[in-house]
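Here the sequence shown is numbered in the numbering used here, starting from 9 and rising by one per residue.
Cβ coordinates follow ideal geometry from the N, Cα and C atoms, glycine included.
Notes to accompany the following structure.
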Amino acid sequence: IALGRALSDERGVFAYVLNKEQLLSDGEHIFSAFCGNSALELHPISFRIDTTDPKIPVISLPDPGSCVKSPVSVSGTAEPYTEVLIFIDNAEESELTYADEKGEWGMYISLEPGDHSIEVSARDCAGNQGKLSPDVEFF
Numbered sequence: 009i010a011l012g013r014a015l016s017d018e019r020g021v022f023a024y025v026l027n028k029e030q031l032l033s034d035g036e037h038i039f040s041a042f043c044g045n046s047a048l049e050l051h052p053i054s055f056r057i058d059t060t061d062p063k064i065p066v067i068s069l070p071d072p073g074s075c076v077k078s079p080v081s082v083s084g085t086a087e088p089y090t091e092v093l094i095f096i097d098n099a100e101e102s103e104l105t106y107a108d109e110k111g112e113w114g115m116y117i118s119l120e121p122g123d124h125s126i127e128v129s130a131r132d133c134a135g136n137q138g139k140l141s142p143d144v145e146f147f
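Here it is as structure tokens:
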């Protein structure tokens, strides 16, 4: 599908901005450019558009209502290769770990004695951040 035309500068640099009718859907895409009126194709560029939030991660540890000792083992599952943001006691700042190729994540967190809660969220490589998990309370 031909999207439009763009002129290059003296160095061969060009740009083309899609309009609203040309917005691309999520998925894999390949852009190709052709030189002048010839059939000479420049090197195609492939890329992926991702606007979908990751699924809500699951917290496996600590068990809800459990009594734990610091450092606390926090682990669970999320979409593979996502960043996992761990929010402790409703803090705005989070601890950060990564889900592996199986979606498993975990880390140890040092906490003062007392009641605590954690929630987690996942962020994919496109920067989409999913919703928070239900909180897990422990002491």
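- Between Ser-40 and the set Ala-23, Ser-33, Lys-28 and Asp-34, the nearest pair of CA atoms involves Ala-23.
- Following the DSSP letters along the chain, one finds Ala-10 in no beta strand (DSSP E), marked with neither H nor E.
- If the five residues before and after Asn-98 are omitted, its C-beta is found closer than 6 Å to no C-beta atom of its own chain.
- For Val-66, the enclosing beta strand (DSSP E) begins and ends at 66-69.
- Spatial neighbours of Leu-50 in its own chain (CB-CB distance under 6 Å, excluding positions within 5 residues in sequence) are listed in chain order as Ala-41.
- Here DSSP, grouped into helix, strand and coil, assigns Glu-100 to coil.
- Between the segment 95-113 and the segment 28-40, the count of C-beta pairs closer than 8 Å stays below three; the two stretches do not touch.
- Secondary structure of Glu-36 (DSSP, three-state): strand.
- Within the same chain, Ile-67, Pro-70, Pro-72, Ser-125 and Ile-126 come within 7 Å of Val-144 by CB-CB distance, once the 5 residues on both sides are set aside.
- The shortest CA-to-CA distance from Leu-32 to any of Val-80, Pro-52 and Asp-58 is the one to Asp-58.
- DSSP, read as helix, strand or coil, puts Glu-120 in coil.
- Separation of Thr-85 and Ile-96 (C-alpha to C-alpha, rounded to the nearest whole angstrom) is 17 Å.
- Note on geometry: alpha-carbon atoms of Ser-16 and Pro-88 lie some 40 Å from one another.
- Rounded to whole angstroms, Leu-140 and Ala-107 show a C-alpha spacing of 16 Å.
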